[in-house]
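So for the sequence shown, our numbering puts the first residue at 51; every next one is plus one. We treat Cβ as the ideally placed atom computed from N, Cα and C, and that holds for glycine. Here the structure is a predicted model, which is why all the values come from computation and not from measurement. Following: one structure in structure tokens, then a few remarks.
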Amino acid sequence: MRKLIRQNPEEVVLDSIEALKYALSNQEIKNPAGWLAEGIKNRWKKPDNSTQQVQNVEELVFPEGFEEWYIQAIDAGFIVSESPAGLPKNTKGELLVKVNYPTASGLPYSLMSWIEAKKTMAMESE
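Given below as structure tokens:
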């Protein structure tokens, strides 16, 4: 199981764990570890039962300075390139980016608030 977790992106593992929690709350799972392993291999996600709100890209509002920094950080290879519209937020409401720093558990990137990532990137370029 550890090898499987190390071989997959953190997001895939976390999505599969959420799917397992959802499945456990709705049905009996006889082998949760086996279920989770299959979930990671097949990139299972819990169903999204919340009301879907369609949002145009033009309607997205990002914090001041974010968009310019985000493009620079991608160009510099500091963060993983992905759509900013799908970025998760931390409990403070700050956008989280995937910084190209491997974690101790072997994942290829670390999640970091964009503000912290911006400070770290600035310190490294000095």
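Rounded to whole angstroms, the Cβ separation of Ala167 and Val147 is 5 Å, and the two are in contact under 8 Å. Judged by beta-carbon spacing, Val130 lies within the 7 Å limit of Tyr159, meaning their Cβ atoms are closer than that value.
Fully contained in the segment 120-167 are the following beta strand (DSSP E) runs of length 3 or more, in chain order: 146-149 and 160-163. Inclusion of Glu61 and Leu157 in the CB contact set at 7 Å is not warranted, their separation being larger than that value.
For Val111, no alpha helix (DSSP H) encloses it, and the DSSP letter there is neither H nor E.
Shown here, Lys95 sits in coil according to DSSP, grouped into three states, outside any helix or strand. For a cut-off of 8 Å, the C-beta gap from Met171 to Phe128 is around 5 Å, short enough to register as a contact. Put simply, the backbone Cα of Ser133 is about 32 Å away from that of Ala83.
Counting only residues of its own chain and dropping the five nearest sequence neighbours on each side, Ala87 has a CB closer than 8 Å to the CB of Met51 and Leu54. Contact annotation: Ser75 and Ile90 have beta-carbon atoms that are not nearer than 7 Å.
Annotation for Leu145: Phe112, Pro113, Phe116, Pro134, Leu137, Pro138, Lys139, Ser163 and Trp164 place their beta carbon closer than 8 Å to its own, counting only its chain and skipping 5 residues before and after.
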